[in-house]
Each structure stands twice: as structure tokens, then as C-alpha cells.
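Note that UniProt numbering gives residue 52 to position 52 of the sequence shown, counting from 1, and the numbers run on in steps of one.
Backbone N, C-alpha and C fix where the C-beta goes; we use that ideal spot for every residue, glycine too.
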Amino acid sequence: MAGKDYNHLFKLLIIGDSNVGKSSLLLRFADNSFSGSYITTIGVDFKIRTVDIEGERVKLQIWDTAGQERFRTITSTYYRNTHGVIIVYDVTNPESFVNVKRWLNEISQNCDSVCKILAVVLLVTVLCFWFCVQMFMAFTRMVLRAKKQSQNRAEREREREKDTVNINAQRDRDRRKRGKKCC
1 MAGKDYNHLF KLLIIGDSNV GKSSLLLRFA DNSFSGSYIT TIGVDFKIRT
51 VDIEGERVKL QIWDTAGQER FRTITSTYYR NTHGVIIVYD VTNPESFVNV
101 KRWLNEISQN CDSVCKILAV VLLVTVLCFW FCVQMFMAFT RMVLRAKKQS
151 QNRAERERER EKDTVNINAQ RDRDRRKRGK KCC
């Protein structure tokens, strides 16, 4: 780990309509705090929390985006280098659920391949914090596994390329020894 206290750094993005509880989820998970009144997020806010997942330290940068339409062009830049996106809607606001499709389209336009999860904000209860922590931990586990699978695929591909290069290099050396040309 050489100078850092984590094995992995993941950027998670929280998106959804305005006033659905994105900031509440972020504060619950990152700071274990709750406030009944929030100032509307302007642009973006973010918190950091380091967690242990499957024996590895994972540092999470969790970005809370503004849900208003006027900030859509700004928040699209925050998709860059994102490992996972949490789409939040409010069960008491049917329009926020209808807009989930728009958010999914926005993810498709701005991210190549990224883990996604749909989070429902329910009434605020003691269980809400437990649910919030469980959701973030499960999502982080999913992102970590996706990263490892991607690394394994890349490693297998490098091995295949290495074998191919070695085979071709050996063939070329054999041809040079015999004095034959390739054409």
C-alpha cells in the first residue's frame, strides 16, 4: 500500500431528482448524521469514507449531485472516472420514479460500463441508517468484484498476447536462421 491506507479508490456518484434524499443518504453513510432540513445541493458535494470489504481497504469518494435540471450540463462532467452510480428516487414522489429511466439514459451516455444500483428513500427511521450502510457496503462489494473481474480479463488477455508475440518471434527467428523471407 506504500503511503496510503487503502487498497482501492472508487468514485461513486449519487444521482436522482431534486429532493429525493441523495444528501441524506450520503450524510448517513459518510458521517452517521441526519438533519431534517437540508439546503439544496448546488452543483456537487462529496464525502470520503474508507471501509473494509472482503479483507481489503476500499476508499470511497461519494459524489452527491444536484438534481435540478439546470445543473444537468454541469453534473454530466462528474461521470468521468466513475466506478459506480447510485440512482435515488423517493417512494412518495411518483415522478421521481418515472425519471429513473432518464437517469439510466444519462448514465449510458456518460459512462462506458459502470455498476448501477437503484436506491429507494423511505421514511426516516432507525432502520434507515442500517439500510443505508448495508446498501453502500453491498454496492462497494459489487464494484470491487467488477474491478477484479476486469483485471482478471485484462491479465488473461495480456497472457494471450504474450504467447502470441512469443510464437511469432520464434517463427521469425527460425526463418532468419534458415535464410527464408516471409514473402
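A direct Cα-to-Cα measurement between ILE86 and ARG175 gives close to 57 Å. Residues PHE10, LYS11 and VAL143 of the same chain have their beta carbon placed closer than 6 Å to that of HIS83, with the five preceding and five following residues left out of the count. Under a 10 Å Cβ-count criterion, THR65 is classified as buried, with 16 or more other Cβ atoms of the shown protein chains found around its own Cβ. Taking a cut-off of 8 Å for Cβ pairs, the segment 12-21 and the segment 50-58 do not touch, as fewer than three such pairs fall below it. One Cα belongs to CYS115, the other to ASP90, and the distance between them is close to 21 Å.
Linking SER150 to ARG178 through their CA atoms gives a straight-line distance of about 42 Å.
Our two residues, CYS111 and ARG49, have alpha carbons roughly 23 Å apart in a direct line.
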